[in-house]
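> Just so you know, the protein sequences line up as chains C, Y, F and U, in that order.
Take the first sequence: its letter number 157 is residue 157 in the numbering used here, and every next letter is one higher.
Take the second sequence: its letter number 106 is residue 331 in the numbering used here, and every next letter is one higher.
Take the third sequence: its letter number 561 is residue 1272 in the numbering used here, and every next letter is one higher.
Take the fourth sequence: its letter number 114 is residue 1522 in the numbering used here, and every next letter is one higher.
Note that the Cβ used here is the ideal one computed from N, Cα and C, for glycine as well.
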Amino acid sequence: MTFLDIPTGAQFIDIFAAAILVTAFLIVSSKSLVFYVRLFALQSLLLGGVAMLVVFAYGETHILIAAVLTIILKAIVIPIVLWRIIDRIKIRKEVELSINVTVSLLICGAMVIFADSIAEPIRNSKQVLNPIAGRVFPVSIAIMLIGLFIMMSRKKAVTQIVGLLTMENGLFLSGLSITYGMPLIVEIGVFFDILVAALILGVFVFRINRTFDSIDVADLRRLRH
Amino acid sequence: MFSVLLGIPLIGAVVCGVNTKRRILEVATIATGVIALATSLWIARTVSEQSTLTSPKGLLFVDALSAFVIIIVAGSFLATALYSPEYLGRQVQLGTVSQKQLRLYYGLLNIFLFTMLFVLVSNNLGFLWIGTESTTLATAFLVAFYEKESSLEAAWKYVIICSVGIALALFGVILTYFASSSVVGSSANALHWTVLMSVAKKLDPSVLRIAFIFVLVGFGTKAGLAPMHTWKPDAYGEAPAPVSGLMAAGLVNVALYSILRFYILVHKALGDAYASDLLLALSLFSMVLAVPFMLVQKDFKRLLSYSSVEHVGIITFAIGLATPLAYVGALLHMLNNSIAKLLLFFSTGSMRGVYNTKIIRRVSGAMHVMPVTATVFILAVFAVTGWPPFGLFVSELTILSAGFGSGNIWMSVFFIGVITTIFLGFFYYASGMVWGEPYRKQEPAESDTMTQLLLVALLLLLLILGVAMPSGVSDFIQKAAKVIEG
Amino acid sequence: MEDLLTLELGQFLLYLMFGSYAAGAAIGLLLAPRKNLSNARVYSTAKLGRNLSLGLSLIGSLSGVIVSLLTLGADMPLIVQIPGNPHWGKFAFELDKLSSFFVMTISLLGVAVSLYSFQYVSSMFQKRHLGVFLFLYNTFLLSMVGVSTAGNAILFLIIWEGMSLTTYFLITFEHEQAASRRAGFLYIAMTHIGTAFLLIMFLLLFSGSGSFDFDSMRSSGSTLPESIRSTIFLCALVGFGIKAGIIPLHIWLPEAHPAAPTNISALMSGVMIKMGIYGMVRVFFDFLGPGPQWWGIVLIIVAVVSAVLGVLYALMEHDLKRLLAFHSIENIGIIMLGVGGAVLFNSVGNRPLAALALVAGLYHVLNHAIFKGLLFLGAGSVIHATHTRNIEELGGLIKKLPYTSLFFLIGAASISALPPLNGFVSEWLTFQALLFGFGTPNLAVKIAIPMAAALLALTGALAAACFVKAFGITFLGLPRTLHAERAQEAPHTMLVAMGILAAGCVVFGLWPGFLLGILMPLSGSLLGTSASIPVVYSGSVLSLPFGAGTSMSTLTVAALLLVLFGIAIFAGFVLKGRLVRREAPTWACGLEAISPRLQYTAAGFSKPIRMIFSSVLRATHEIEVSEDVSPYFQPRIRFELRTESVFEQYLYRPVLNFVLRGARAIRQIQTGHIQSYLAYIFIALIILLWLTRWATS
Amino acid sequence: MIDWIPQLALLLIQIALVLLLAPLVSGFIAKTKARLQLRRGPRLTQSYSDLLKLFRKEPVISHHASWLFRGTPYIVFASTVTVALLVPTAYSVVPFHWAGDAITVIALFALGRFFLALAGLDAGSAFGGLGSSREMSIASIVEPAMMLGIFAVAVTAGSTNLSVIVSTLSTTTASMLHPSHILAFAGLFIVTIAETGRIPVDNPATHLELTMIHEAMVLEFSGRYLALIEWASQVKLLVFLAILTNVFFPIGIATDFTFLALAQGIGAFCGKILLLALAIAVLESTNAKLRLFRVPDLLMVAFTFSLLSLILYFLIGS
C-alpha cells in the first residue's frame, strides 16, 4: 500500500531527519527542563513520521507497529511521565552548566562530522539496501553521540534521562535507515526495555529528590575511589 | 527442556510476589535454584551427546558453551538462595529491612535469574541484547535495596552507565543485522546465531569491525572491563552481599558470554587477529587499573569489586590469546572465579553483618569472633590470588602456559607481575581483618550452621577443581572450547 | 637382583616417609582444638594425639634418612609416580642424588626437632590450638621433602607455595602480637614475589622444552638462546634467593624466624632456606649447565656481601633468635660462595675445581643445618627456661642449664669454624677451592677470588666474636635478672635431641670421609666429571690433588689436642705434686662483693666492632639522663642503641612509598562524578573507533 | 718413607726445641729492651723461673667461674703446641706436616683465642669482658690480612701445607728476593705483631686497663693456669717467628736426616729466631702503643701489602 512514490518519500524522510537533528541541537542549547521534554516529544513525533514514511514509501508493513508504538510511547506517554516528575519536584531551570552552551554546540558539530566519518564504510559498502541510508544513517549516529554528550555535560537527573532517550531515538533511526528496522519481535522487546528503563529512572529521580532534596547529579559524589 | 528452564524462575517470581511470609519466600527461591541447577545439568548432559539443542521455532538455542555458563549461573543462584535467608534474617531482626522489602528482594532475585537464563538460551542476538538490558533493570532495585543515600547513588550510576553501554551494544547489533540482512535477506532469522555462523565468511568485514567495537564497549560495560568498570565498585559495594555475590559470579559470566558470542562470529568472519588484539588491549588495561585500587583501599567490599574487575581482565586476556589451550583456561577461570567470588562476598557479608561496618580498619580479630567464616575468608583470599591448592592457580597456569607457548611472553610476564602485586594489597588488608585482637572487644558471633556448611562446601568445590579436576568437567570444558574456536 | 631389592625397599620407605608425615598431620587435625583441657580424659587424648602425631613425624624423618642413604648409594634414581593432570606432564617424585642429599639433611634435622618438640609443645596445651600446630608442623616437613623430590615444575610450584603457606601460618601462630603478624605478612609478601620469578623461570623453560617435566627441561636447557638463559639465571637467583635470604632480599628473615615457635624456626633456619640453595643448584647445574662468566661473578659478589653484612648485623643483635637468624644469612653467604665458585669454574671449564667448590658448598649445607638447628634448639631451651629472648637479661646460665650450655658451646664452636668440628672442614674446603681459583683467565677474577677468601676469613672471625658474645653474655658470669636466676634445665627429650645434633657436629668434623663419599659422586653427576675425584680421603687424611698437594686431617689434630691436653695436666701434676685450688670471690677493684651490673654487656662487647665498621652499620645511639636533684648525682641513665637497616631504609621503603603515592594518584580517576564516568566510556569508544578506522585502513 | 724411629727423634727434637726455646726468646726480647733503655734488665732465664714458680703456686679461682674457666688454660696450651708441631722449625718436613696446613694453623689459633675470650667473660669482672671484646675485635681485623698473606705465599708454592711451601721455596733460592715475597713478609710481620700482642698493638707488660688486651683476659688466672697460658703465648710468639723465618728465608734448614744437617738446621734456626727477636725488641722500644681504633689502619697496611704481593706475583709471574 504505497501512497507515495519513492523519490518524494525519500525527500520527506530527509526533511524529517534534518528536523530531528535540529531538535537535538536545540536540546543542547536550552536550559529549561520543560523545554527539554517538549523537544524530546517533538523529536519522537518526527521519528514516528519517518517510520510512517518508510512504511508508505517502501511498503515495509512490519515497521507500522513500531512507528505507532514510537508515537504513542515516546511522543506521548514518556513526556507526560517526565512532566509529572518536573511538576512534583518544582525545579524548572538548569541553573549552571558544566560546559557552556557555545562550546557544547561546537562539540555537537564536531560529533556530526565524526559520525559521518564513522558511517563511511557502511555507506559505501556494496550491500546497501536502500538509497536513503547514505544520508540518514550519519544523522542517526550523530543523534546518538549528541544524546551521550547531553548526559555527560548536564547536571540534572531529568536531563540525563532525556539524553538517554535521545540516544535510543538515534538508534531507532539508524535501524530504520539501513535495514528498514529490526525484526518485529526485537523492536517490541527494545521498546519494552526502554519504557521500563525510563520508568525506573523516574522512580529513582523521585527517591533522589526525597533523600537529597535536589536532583543535581553533581551532589552524588559520596562514593569515590 | 527450555520451557522448564525459563518457566521455573517465572513461577518462583510469581510465588514470591504473591505472599509475604519469610519462610515461604526462602523455600520457593531455594526450590527454584535447585530445579534450575538440575535442569541445567540435564541440558548439559543432552548437549554433550548431540552437540546443540534448538527450540522448534529456532528462537532458543543451547550449545556446549551456553550450557557451561548456564550451569555456573544456576549454581551461583542456588548458592545465593541458600545464603540469603541467614543474611536477610539478621537484617530483619535489626529492623533495617521490612517484610514488604523481603517480598521485593526474593521476587526480583527470581526475575534476575530468568533474565540471565533468557540471555543464555536465546539464539537471536537481538533477544540476547534484550535479555542483557533486562538484567540491568531487574537488578536496579536490588542494588538500591537499602534506603540509604549511598545505595541510591550507586543504583542511579549503575542504571545510567549500563543503559548507555547497552545502547551502544544495540548499535553494534543493528550493524550486525545490517551486515547479515544484506547477505541472508531481511528475514526474521537474519540475527540468528546459527544462521550468522553459517554465513560468517560472506559478511562485510569493515561493518563487522565497527560492530565489534560497539559490542565490545557495550557488553564490556556490563562485564566491568576497564575503562567502563566505574559503576562496579559502587554497585557491588552498596548492594546486599548475596546480590553482589550473584552479580559478580553470574552476571559477569553472562556479559562475557555475550562478548564471546560476537568474538566467535567476528573472529571467524575476519580470520585475522583484530578481535583478539582488541580483547588483549582492554584486558591488560583493566588488570593494570585494578592494581592501584587494591593497593590503597578503605572499604573491603570495593576491594572485592576491583578483584572482580581484575579477574574479568584475566578471562578476556585468556580469550585474547586465541589458542585452544587459552580458551580452556578462560572457561576454567570463569568457573573458578565465580566460586571464589561467591565465597568472598558471602564471608565478608557475614563479617559486615557482625561488625556492622565496611571500613577495613574497623574489622579485626575475625579469627576470634567468627573462626569458621574467618578461616574460609583467608583461604578464599589465598584462592582468589592464585595460590596452588585451589582451582584459580590451575586456570591461571593454563592461561600462562598458553601465553608463553603462543609467544607473547612479555604480556604474560606483565600478567604475573599484576597478580603478584594484587596479592600483596589484597592479603595486607585481608590478614589485617582476620588476625589480631577483635575490634572494640567484639564478642564471638559465628553465623548459623547452614551458612558455615555452604561456605565450607564451596571451598571444598574450589579445592577439588584445583587438586583433582573430575574428568567429566574437563571434557565438557574441552567441548565448550571447541565451540569458541568456531 | 640386589638393586631390585633396594628399589622395592626404597619405594616402600619413600611411601612410608610421605605417609607418616601425612598421617601425623591428619591426627593433628583430628585433635580438635579443645582448649579447655580441664578434665582428664580430654587432656589424656590430647597428650596421646600429640605423642602419636610427633611419633609419626619421627618415623617419617627416620625413613627419610634411610631412603636417602639408600638412593645415594644406588646409582639410578628412585621414581614414584602420582596421578595428576596429564596436561602438565607426569607428576612424579624423583629421588636422584641431589634430591636425596637434601632429603637426608631435612630428615636428619627432622628427627632431632621432632624429638625436641615432644616436651617443647607441652607448654602449648593450654594457650594454643595444639592440633592445628601439629598439623602445620607435619605438613611443613612433608612440603619440604616434597619440594626437594618433585620431578615436575608444576608439582614443584604447588608444593613450594604449600610450604610458604604452612610457614606463614606457623609464623603467625601467636597472632595476638603485632610483631608476628607483621613478620608473617612481610614473609608471605616476599615469598610470593619470589614465586612469581620462579613461575616466569619455569614458564621460560617450558617454552623452550615444551613440557613441564624436569627431564625434558634438563635436556633442552642448554639449547635455549643466550638471552633467555640469562633471564632464567636471574629469575632463579631472585626467586630462590628470596627463599634463601641473600642480602638484598633478606629483610623478611630476621623478622620471621624469631616470630615462629623455636622448634619451627630451627627447621626454617636449618633446612627451609636450603630449599633456595637446592633450587639454585638444580637450575644452575642441572638445567642450564655452563654459562657466561658473569654468572659466577654475580653469585660470588652476592655471597660475599651476604656473608659479611649478615655477620655484622648479627653482631649488633641482642635478641638471641634474631642473632641466629642473621647468622643464617651469613652461612647462606658461605654456601653461595661455594656454589658461586662452582658456577664460575664450570663456566671457565675447570670442572674438577668446580666439583671441589660444589662439594664444599653442599658440605656446608649439611653442617649449617646441624649446628644452626642445634643453636636454635639451645636457644629454645634457654627461652623455655627464662621466658625472655634478650641476652642482656640473662647470664650465669651455665650453672643452671649445664647440658644446654655444653651443647650450645659445641654449636657455637662449629659455627665459628674451630678445628676439630664440622664447620671447620667445610670452610677449609671452601678456602681451598677459592685459593686454587687463580686458574681463571682474566686478571680481575684472579684477584677477586683471593679477596673473597680474605672476606670469608673476616666473616669467620666476626662469627667467632659474635658467638663469644652470645655464649659469654648468656651463659657465663653472673645472672643479670631474676629470670636467669631461677632458670631450670630443659626436659630430657630436648637434651637428647640437642645431644644428637652435637654428636652430628663432632662426627661430621672428625670423619668427613662418610659425607665426602656421598658428595663427590653427586657433584660428579651434576658436573659430568665423574672421572676426576676432587678430594681424596684415605685413612682420615683429606688431600687435594691440585697444585703441589695440600692435606689436612681433623682426626689427627683432635688426637694431638687430646694428647697435649693430657700432657699439660700431667705437667701441672708433676711440678706441684697434687692438683689443688682455692675458691675466692672475684676481685672487684676493692668493692666488698661483685655485682652483676659490673659485668660487660652485649652492647659494650660489640662496641669496638661497631666503631670499626661504623660506616657500614651506621649505628646511632641515644643517651637520656634524668637528673632531678643535682647535675652531679644522676639517678637514672637510659642508653638506647639502634642500627639502621640500610636495605630497608634506602631500598624497600622508597620503592614502597613511590608505589603507594602512584596508587593514590591513579585512584583519583574514580572521581564519583557520573559525568566523568560517561566521559571515560565516550573517550574509549572514540579511541577504539579511531584506531580501527584510520590505523588499519 | 723413613721408618718410624727417625720420625720419633724428629718429633722429640721439635717438641724440645719449641717448648724450651720459647721462654728464652721472650726473655731475650725483655733483656734487649732493657739494655736499649740502658737498664740491666732481668736475667735471660728469668721467664723459666717465673713459669716454675707459677706451676708450684696454688691457683685461686673465683667461685662464679665455671668448668670452662678451669679447662681453658689446657685448651689454649694444647692448641698452641699442636700448631708448633705443624710448623717446620729446624727440619723442613715436620713429622705431622700432613695433619694440618696454614689454614688449620690460623683456625687453631682462633680456637685458643675463642676459649680464652670466653674464660675472660666467665669470672664476671669488667676487665675480663674488656679484654675479650678488644681481643675479638682486633682478631677479626687481623684474620683477613693473615689469610691473604698465607694465600700470597701459597700461590707461589701451589699448596698451603707449610712443609711443602718451605721445601719448594728452599730449593729455588732466587724466589726469596722476589718482590712479592718481600711484600708478603712485611704484611705477615705486621700480622705477627698484632697476633702475639706486641707493643704497637697491645702492651704485654702493663696492667693498665686503658691499654691491655691480652693481659686483661688472663687477669683472673693464677698458679698453674697462668703458667700454662704464659707458656702458650711464648710458644705462639716463637711459632710466628718460625713461620716468618722458614717460609721466607729457609737458609740453612735441614732437608735430609743426618746429624750434621740437623745440627746446622738447629743452629741456623736459633740464629734467625734471635735475630728476629732483636728486630721486635728494637721495634718495641722505638714505637709507642697505637690507640685501639688506629690498629685497623695498621692492619689495613698489612692487608694492602699482601694484596700487592699477590698482584705482583700474577703480573710478574714466579
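Would you mind stating whether H1075 (chain F) and S1137 (chain F) have Cβ atoms separated by less than 7 Å?
yes
> Leaving out five residues before and five after G990 (chain F) in sequence, what residues of the same chain have Cβ atoms less than 6 Å from its Cβ?
F951
> Between the stretch 1310-1319 of chain F and the stretch 1018-1029 of chain F, are three or more C-beta pairs nearer than 8 Å?
The stretch 1310-1319 of chain F is in contact with the stretch 1018-1029 of chain F.
> What does the Cβ neighbour count give for L106 (chain C), buried or exposed, with the cut at 16 atoms within 10 Å?
exposed
> D288 (chain Y): buried (16+ other C-beta within 10 angstroms of its C-beta) or exposed?
buried
> Does the CB of A1624 (chain U) have a neighbour CB from chain F at under 7 Å?
Output row for A1624 (chain U): interface = no.
> Along chain C, in chain order, which residues have C-beta atoms closer than 9 Å to that of L1399 (chain F)?
The premise fails here: L1399 (chain F) is roughly 11 Å from chain C at the closest Cβ pair, so nothing lies under 9 Å.
> Answer yes or no: does any C-beta atom of chain Y fall closer than 7 Å to that of F1412 (chain F)?
In this structure chain F extends from 712 to 1408, so residue 1412 (chain F) is not present and cannot be described.
> Closer than 7 Å between beta carbons: that is the criterion. Which residues of the stretch 161-182 of chain C meet it against chain Y?
L164, M167, E168, L171, S174, G175, I178, T179, Y180, M182
> Buried or exposed for R1443 (chain U), please, with buried defined as at least 16 other CB atoms from any protein chain shown within 10 angstroms of its CB.
exposed
> When DSSP labels each residue in this structure, what does M1 (chain C) get in the three-state scheme?
Reliability of the predicted coordinates at M1 (chain C) is poor, the pLDDT of 48 falling under 50, and the value obtained from them is presented with this limitation in mind. M1 (chain C) carries a coil assignment under DSSP once its states are collapsed to helix, strand and coil.
> Who does F639 (chain Y) pair with in a DSSP beta bridge?
In DSSP, F639 (chain Y) forms no bridge with anything.
> Compare the C-alpha of G1060 (chain F) against each of F:G1239, F:I738, F:G862, F:A861 and name the closest.
F:G1239
> With distance defined between alpha-carbon atoms, name the residue in C:R38, C:A197, C:V22, C:V54 nearest to P7 (chain C).
C:V54
> Could you pull the start and end residues of the alpha helix (DSSP H) that S1578 (chain U) belongs to?
Per DSSP, S1578 (chain U) is one residue of the alpha helix (DSSP H) stretching across 1570-1579.
> Hey, quick one: how far does the alpha helix (DSSP H) through L1596 (chain U) stretch, first residue to last?
1587-1603
> What number of angstroms, rounded off, separates the C-alpha of R154 (chain C) from the C-alpha of A599 (chain Y)?
46 Å
> Can you tell me whether DSSP reads S779 (chain F) as helix, strand or coil?
helix
> Can you look up R1293 (chain F) in the DSSP assignment and give me helix, strand or coil?
strand
> Buried or exposed, going by whether 16 or more other CB atoms sit within 10 Å of the CB of V240 (chain Y)?
Around the beta-carbon of V240 (chain Y), 16 or more other beta-carbon atoms lie within 10 Å, marking it buried.
> Take the Cβ of W1475 (chain U) as the centre, count every other Cβ of all protein chains shown within 10 Å, and call the residue buried at 16 or more, exposed below.
exposed
> Mapping the DSSP letters down to three states, classify H1332 (chain F) as helix, strand or coil.
In the structure shown, H1332 (chain F) sits in a strand (DSSP, three-state: E or B).
> Which of helix, strand or coil does DSSP assign to L853 (chain F)?
helix
> Between the alpha carbons of M1 (chain C) and T257 (chain Y), how many angstroms are there, rounded?
Low confidence applies to M1 (chain C): its pLDDT is 48, below 50, so where it sits in the model is not reliable, and the reading given next is rough at best. Their backbone Cα atoms lie some 50 Å apart in a straight line.
> With a threshold of 7 Å between beta-carbons, can Y1391 (chain F) be considered close to chain Y, or not?
yes
> Looking at C-alpha atoms only, which residue of U:Y1456, U:V1550, U:F1657 is the closest neighbour of L1706 (chain U)?
U:V1550
> Let me check understanding here. Comparing Cα to Cα, which of U:G1675, U:V1572, U:L1649, U:V1703 lies closest to L1684 (chain U)?
U:L1649
> So F1119 (chain F) and G1084 (chain F) are supposed to be a Cβ contact under 8 Å. How far apart are they, rounded?
Going by Cβ atoms, the distance from F1119 (chain F) to G1084 (chain F) rounds to 12 Å, so no, they are not a contact pair.
> Leaving out five residues before and five after T1663 (chain U) in sequence, what residues of the same chain have Cβ atoms less than 6 Å from its Cβ?
S1500
> By the 9 Å beta-carbon criterion, what residues does the stretch 417-447 of chain Y contribute toward chain F?
Taking 9 Å as the Cβ-Cβ cut-off, the stretch 417-447 of chain Y approaches chain F at S431, R434, I435, F437, I438, F439, L441, V442, G445, T446, given in chain order.
> If you follow the alpha helix (DSSP H) that V440 (chain Y) is part of, which residue opens it and which one closes it?
430-448
> Taking the alpha-carbon positions, what's the S177 (chain C) to L199 (chain C) distance?
Cα-Cα distance, rounded: 28 Å.
> Going by beta carbon distance, what residues of the same chain come within less than 7 Å of M712 (chain F), once the five residues before and after it are set aside?
Confidence at M712 (chain F) is low in this model, with a pLDDT of 47, below 50, so its placement is unreliable and no value can be given for it.
> Are there three or more Cβ pairs, one per stretch, closer than 8 Å when the stretch 1172-1191 of chain F is compared with the stretch 1467-1486 of chain U?
Put simply, the stretch 1172-1191 of chain F touches the stretch 1467-1486 of chain U. At least three CB pairs are less than 8 Å apart.
> Go through the stretch 143-194 of chain C residue by residue and report every complete run of the alpha helix (DSSP H) that reaches 4 residues or more, in order.
Taken in chain order, the complete alpha helix (DSSP H) segments of 4 residues or longer contained in the stretch 143-194 of chain C are 157-179.
> Less than 6 Å between C-beta atoms, sequence neighbours within five positions excluded: which residues of the same chain meet that for I118 (chain C)?
I141
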